[in-house]
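S.K.: Take this structure first; my questions come after.
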Amino acid sequence: MIADAHCHFFSSRFLELLSQPIPDLPAEGRAVVVASKLGWSDSGNPAALAATWIAELDRHFVSRAALIASIPGDEASVA
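Here it is, written out as structure tokens:
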């Protein structure tokens with residue numbers, strides 16, 4: 011059994027919250043713009059993010075992973 015110690019799949023909500031102080035970003039669709047600037051894909055809704063987690067963990071035979079919200083206000087993405 012493999013247990014992952016540290017991994018990140020950032021939610022759209024995470025990107026929205028983290029980028030709030032950055033000027034010149036749109037009020038709507040902010041996560042898509044930030045993800046694009048970083049060369050990432052926007053994770054979409056929490057269900058899509060969960061599917062990404064499942065596929066990636068399965069691909070690497072990771073049996074368990076502890077999930078935490080990376081920023082206050084993003085708990086729903088983890089749940």
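Per our numbering, the very first residue in the sequence shown carries number 11; after that it's consecutive. Just so you know, even glycine gets a beta-carbon here, dropped at the ideal spot from N, CA and C.
1) Drop a sphere of 10 angstroms on the beta-carbon of R23, count the other beta-carbons inside from all chains shown, and report buried for 16 or more, exposed for fewer.
2) Considering only their Cβ atoms, is the gap separating V44 from L59 smaller than 7 Å?
3) With C-beta atoms as the reference, is D52 less than 7 Å away from V42?
4) How many Å lie between M69 and T62 at the Cα?
5) Going along the chain, which residues of its own chain have a beta-carbon closer than 8 Å to the beta-carbon of S46, five neighbours each way excluded?
M.R.: According to the structure data:
1) buried
2) no
3) yes
4) Checking the displayed sequence, the identity of residue 69 turns out to be Arg instead of Met. Rounded to the nearest angstrom, the two C-alpha atoms are 11 Å apart.
5) D52
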